[in-house]
Amino acid sequence: MTLEFCGAAQTVTGSQHLLTFNGKRILLDCGMFQGRREEANRINRTFLFDPATIDIVILSHAHIDHSGNLPTLVKNGFTGTIYATPATRDLCSIMLADSAMIQTKDAEYLLHHKGILIEPLYTIDDVSQVMQQFQSIPYHTDFEPIPGVKAKFYDAGHLLGSAITVLEWDEKGSHKRLAFTGDIGRSNRPILKDPDFFGNVDYLICESTYGGRLHEKEVDLRQELLRIIDDVIYKRGKLIIPAFSVGRTQDIIYYLNDLSNHHQLPNIPVFIDSPLAISATHVFRLHPECYNESVRKLLYNDPDPFEFKGLKYTREVVESKRIGRLKKPCVIIAGSGMCESGRVLHHLGHGISKERNTVLFLGYNAPYTLGRKIAQGDKYVNIFGDSHKVRAKVEQLSGLSGHADHDELLMFLSHINASKVDKVFLVHGELDHQEAFKTALEQKGFKSVTIPSKGDIVEL
Ligand SMILES: [Zn+2]
C-alpha cells in the first residue's frame, strides 16, 4: 500500500489523499481548496493524478473542503463509486449544488462587472452526475471498496453523517489497519453523537486543525440566547444571527426548540432566512440515526425538534424582503456565517445602524471578512458599496464549534495504544498548529509523527 498526499497537506482546505493497493487507487476525500480566487482556481482545476485512473472515492463528510471538488474529478474522467454515509450523500446533494450555483454566479459577475471570462469550475449538470456515483454505507458496516481491502465508517461527531474511515488489508503476511479521521468533532454536542472510538491502528491520518489551540470556555448557550432575546424584545429591535447554514443553524434551532418545549422562549417570531439552511434542516430530519441519545429520547414527545411555535422558514425572496420591513421584534438567522454573501447582508444593511438591534456571532470570523470587521468593533462597515455606521449591539457566543480543540483531540486519541501505531500523518492544519500538535502527540508516546507536504509519497 502506498499513500500520496494530494491536498490539505500543511493547509486547512482541499483534503485529498491517495492510496494505491495492487494497482487499484482509492482517493480519500476530494475537497475544494479555498483561498484567493486565482490560486484556488489553479489548484482546484489541476489534480496531482489523472482522475480517470482513480477506482473509488471514500468521502469523510460533506463540508466543501472535503467534498467540493468531486464534480471536477467526475468532469475529468472519474467514473467509479463514491462511498459515504447516507447523511453525507444527502448533504452533498444540496451543498455541491449550492457550490455550483456560487461558481456560476461568480463567473457571471466577473464577466459583466470586470470583463473577465472564467469558466465555472463545475455546473449543476456535473453535480447531477456526481450524485449518481454515490453508494451510501451506514456506520459500523463492513464493505469492500476494492478487492483485498475492507472498510468501515465510524461516527466522527463533527457534522451530520461525518465519518472516520478504517481500512484493513493483508500484506506480506501481516494484517494492517489504517484510520483516516476526516474532521473530528466534540463530545456533548446538541444533536450529534460523540466521536466513536475505532480501536488500535498501524497507520493514522489525522486532522490537526485546532493543534495548539483551545476553544473558549463554554457558556450556557440556552440561557445566553434567552438573555439576548429578552434584551431585543425590551429594545423592540431585531436579533440578526449570521450563521453557517449546515450545522450551526440546526444547533440553534434545536436550542430554541428546547427553550420552547420548556415554555421559556418568549413569544417572538424566529425566521430561518436561508434556502440552503432550510434544505439542510430537512436533511437533518431525515437522519435520526445520527442523533445522540437525548435527541432520540426527545423524539417520543416531540417528533420534530426543528419546529416550534413562532419558527418560520422563509425560502422565497419576497418573504425575506417582508422580514426587512417588519416593525416588531424578531430573530433572523441567515447565512453566510461570516457575512461575505447571502441574505444576511440585506438584514445587516437594514439593521446595523439602528441601536435597538443586536447582531450575534456564533463562531469564528476569518480575517478581512465583514463578520470579522463587525465582531472586532469597526465603527463603519461597507455593505453593498454603502458605508454604514455600526450602532447595533454586537454579541458573540462560543461553544458551537464542530471541531475538537487541541486537548479534545488528544483526549479522543488516548483510546488508541500509541506504542502500537507505526506512523501518524498530520493533515488538514496550518503548519504552526500542526507542529504544536506533533509535539503533544510525541509526548503521549506516538512515534514517527510526520507532517507531509503536498506530493509526498510514503510506503505503508
Ligand atoms: Zn469539516
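According to my numbering, the sequence shown is numbered sequentially starting from 1. Beta carbons: idealized from backbone N, C-alpha and C, even for Gly.
* Asked: Do T468 and M338 have their CB atoms nearer than 8 angstroms?
  -> In the structure as shown, the chain starts at 1 and stops at 460, and residue 468 therefore has no counterpart that could be examined.
* Touching by the beta-carbon criterion (3+ pairs, under 8 angstroms), the segment 171 to 191 and the segment 391 to 399 -> no
* Alpha carbon to alpha carbon, what distance is there between K235 and H262? -> To locate residue 262, count along the sequence shown from 1; it is residue 262. To locate residue 235, count along the sequence shown from 1; it is residue 235. Cα-Cα distance, rounded: 24 angstroms.
* Could you check the C-alpha separation between K114 and P120 for me, to the nearest Å? => Working through the sequence shown from its first residue, we reach residue 114 at position 114. Working through the sequence shown from its first residue, we reach residue 120 at position 120. Just so you know, the alpha carbons of K114 and P120 end up roughly 15 angstroms apart.
* Asked: Would DSSP call G349 helix, strand or coil?
  -> The residue given as residue 349 occupies position 349 in the sequence shown. Helix at G349.
* **CB contact flag (D251, P305, <8 angstroms)** => Numbered from 1 along the sequence shown, position 251 holds the residue referred to as residue 251. Numbered from 1 along the sequence shown, position 305 holds the residue referred to as residue 305. With respect to the 8 angstroms criterion, D251 and P305 are not classified as neighbours on the basis of their beta carbons.
* To do: Kindly indicate which three-state DSSP category A52 falls into: helix, strand or coil?
  => As a position in the sequence shown, residue 52 is number 52, starting the count at 1. Looking at A52 - three-state DSSP - the assignment turns out to be helix.
* Asked: Taking buried to mean at least 16 other C-beta atoms within 10 Å of its own C-beta, is T181 buried or exposed?
  -> Here residue 181 refers to the residue found at position 181 of the sequence shown. The residue in question, T181, is buried, as its Cβ has 16 or more Cβ neighbours within 10 Å.
* To do: Kindly indicate which residue of S60, F78, F446 and I228 has the alpha-carbon position closest to the one of S519.
  => In this structure the chain extends from 1 to 460, so residue 519 is not present and cannot be described.
* Asked: ligand 1 heavy atoms versus the CB of D183: any closer than 7 angstroms?
  -> As a working note, residue 183 is residue 183 in the sequence shown. Indeed, a heavy atom of ligand 1 lies less than 7 angstroms from the Cβ.
* Taking just the CA atoms, how far does I124 sit from A97? -> Counting from one through the sequence shown, the residue named residue 97 turns up at place 97. Counting from one through the sequence shown, the residue named residue 124 turns up at place 124. Whole-angstrom Cα-Cα distance: 6 angstroms.
* Please confirm whether any heavy atom of ligand 1 lies closer than 7 angstroms to the CB of H350. => Walking along the sequence shown from the start, residue 350 turns up at place 350. It does not: the Cβ of H350 is nowhere closer than 7 angstroms to a heavy atom of ligand 1.
* Asked: For V130, which residues does DSSP report across the bridge?
  -> By one-based count along the sequence shown, residue 130 stands at place 130. None; V130 has no bridge partner.
* From K454, S93, K438 and P452, pick the residue whose C-alpha is nearest to that of R213; which is it? -> Along the sequence shown, read from residue 1 onward, the residue named residue 213 stands at position 213. Among K454, S93, K438 and P452, the Cα nearest to that of R213 is on K438.
* Spell out the partners DSSP gives L83 in its beta bridges. => Your numbering for residue 83 matches position 83 in the sequence shown. As written in the sequence, residue 83 is Tyr, which differs from the Leu given in the question. Paired residues: I58 and Q135.
* Same chain, Cβ closer than 6 angstroms to A100, five either side skipped, listed in chain order -> In the sequence shown, residue 100 corresponds to position 100, counting from 1. The residues are Y122, T123, I124 and V127.
* DSSP on V449, reduced to helix/strand/coil? -> Position 449 of the sequence shown, counting from 1, holds the residue named residue 449. Strand, per DSSP.
* Does at least one heavy atom of ligand 1 sit under 7 angstroms from the Cβ of L159? -> As a first step, residue 159 must be located in the sequence shown, where it is residue number 159. L159: yes, Cβ under 7 angstroms from ligand 1.
* **Whether I58 touches P145 by CB criterion (8 angstroms)** => Here residue 58 refers to the residue found at position 58 of the sequence shown. Here residue 145 refers to the residue found at position 145 of the sequence shown. For I58 and P145, yes; Cβs fall inside 8 angstroms.
* Asked: If you draw a straight line from the C-alpha of V166 to the C-alpha of T20, how long is it?
  -> Along the sequence shown, one-based indexing puts residue 166 at 166. Along the sequence shown, one-based indexing puts residue 20 at 20. For V166 and T20, the distance between alpha carbons rounds to 15 angstroms.
* With DSSP collapsed to three states, give me the class of F306. => The sequence position of residue 306 within the sequence shown is 306, counting from 1. F306: coil per DSSP, three-state reduction.
* Is the Cβ-Cβ distance between V74 and L160 less than 8 angstroms? -> Here residue 74 is taken as the residue at index 74 of the sequence shown, counted from 1. Here residue 160 is taken as the residue at index 160 of the sequence shown, counted from 1. No.
* Asked: What residue range is occupied by the uninterrupted beta strand (DSSP E) comprising I278?
  -> Translated into positions along the sequence shown, residue 278 becomes position 278. Per DSSP, I278 belongs to no beta strand (DSSP E); it is in the alpha helix (DSSP H), P275 to L286.
* To do: Would you kindly report the start and end of the unbroken alpha helix (DSSP H) that includes N41?
  => Your numbering for residue 41 matches position 41 in the sequence shown. Unbroken alpha helix (DSSP H) run through N41: R37 to R45.
* To do: Look up C330 in the DSSP assignment and say whether it is helix, strand or coil.
  => What you label residue 330 is simply residue 330 of the sequence shown in a count that begins at 1. C330: strand per DSSP, three-state reduction.
* Would you mind stating whether N200 and I416 have Cβ atoms separated by less than 8 angstroms? => If you number the sequence shown from 1, residue 200 lands on position 200. If you number the sequence shown from 1, residue 416 lands on position 416. Yes, these two residues count as a Cβ contact at 8 angstroms.
* Quick one: measure Cβ to Cβ for D386 and R343, integer angstroms, because I've assumed they're closer than 8 angstroms. => Position 386 of the sequence shown, counting from 1, holds the residue named residue 386. Position 343 of the sequence shown, counting from 1, holds the residue named residue 343. At roughly 17 angstroms, the Cβ-Cβ gap does not stay under 8 angstroms, so D386 and R343 are not in contact.
* Go ahead and pull the three-state DSSP assignment for E442. => Position 442 of the sequence shown holds residue 442. Looking at E442 - three-state DSSP - the assignment turns out to be helix.
* Asked: If you draw a straight line from the alpha carbon of A436 to that of G371, how long is it in whole angstroms?
  -> Your numbering for residue 436 matches position 436 in the sequence shown. Your numbering for residue 371 matches position 371 in the sequence shown. C-alpha separation (whole angstroms): 28 angstroms.
* If you pair each beta-carbon of the segment 232 to 249 with each one of the segment 448 to 456, do three or more pairs fall below 8 angstroms? -> no
* Answer yes or no: the CB of H17 versus the heavy atoms of ligand 1, is any distance below 7 angstroms? => Position 17 of the sequence shown, counted from the first residue, corresponds to residue 17. Result no, Cβ not under 7 angstroms from ligand 1.
* CA-CA distance, G335 and A243? -> To locate residue 335, count along the sequence shown from 1; it is residue 335. To locate residue 243, count along the sequence shown from 1; it is residue 243. Between G335 and A243, the C-alpha separation is close to 5 angstroms.
* Asked: Cβ of H112 versus every heavy atom of ligand 1: is any distance shorter than 7 angstroms?
  -> Locating residue 112 in the sequence shown gives position 112, where the first residue counts as 1. False, no ligand heavy atom lies under 7 angstroms from that Cβ.
* To do: Run the CB neighbour count on D50, radius 10 Å, all protein chains shown included, and call it buried at 16 or more, exposed below.
  => Within the sequence shown, numbered from 1, the residue matching residue 50 stands at position 50. It counts as exposed.
* Indicate whether I332 and F271 have their beta-carbon atoms separated by less than 8 angstroms. => For the purposes of this step, residue 332 is identified with residue 332 of the sequence shown, where counting begins at 1. For the purposes of this step, residue 271 is identified with residue 271 of the sequence shown, where counting begins at 1. A contact, by the Cβ cut-off of 8 angstroms.
* Reference A87, options C290, I457, L298 and H433, closest by Cα -> Mapped onto the sequence shown, residue 87 falls at position 87. That would be C290, whose Cα lies nearest to the Cα of A87.
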